[in-house]
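Visitor:
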Amino acid sequence: MAVQGKKRVVVFLDEDNVNTLREYLDSRPGAGGLSEILDKHVARCANIIRKNEKKLAKIEPGRLTVKKFFQLAGFDV
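Residue numbering for the sequence shown is 1383 to 1459, as defined by the working numbering.
Take a look at the structure:
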């Protein structure tokens, strides 16, 4: 994964989950590694936020509750 144009971010993850994911990625050559998976996930999240800014502005910040989930899905709750 190219580092150019990217920021370094420290993330704290569960060691068992990281090891399982690393083992899986090691079995798939060219998958891009853990860093690429996290980068793609963050990019998807940012894209969802960009496309739904008005909807997200109406929802209280904080933990994702069932109510917030349904609000994000477009239901009036």
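Beta carbons: idealized from backbone N, C-alpha and C, even for Gly.
Nothing here was measured: the structure is a model prediction, and the numbers come from that model.
Kindly indicate which three-state DSSP category residue 1440 falls into: helix, strand or coil?
Guide: Three-state result, residue 1440: coil.
Visitor: Once DSSP output is grouped into helix, strand and coil, what is the label at residue 1432?
Guide: DSSP places residue 1432 in helix when its eight states are reduced to three.
Visitor: What is the C-beta distance between residue 1416 and residue 1392, in whole angstroms, given that I count them as a contact (C-beta under 8 angstroms)?
Guide: About 14 angstroms; that fails the 8 angstroms criterion.
Visitor: Taking Cβ positions, are residue 1420 and residue 1413 nearer each other than 8 angstroms?
Guide: No, they are not a contact pair.
Visitor: Grouping DSSP H, G and I as helix and E and B as strand, with all else coil, what is residue 1447?
Guide: DSSP places residue 1447 in coil when its eight states are reduced to three.
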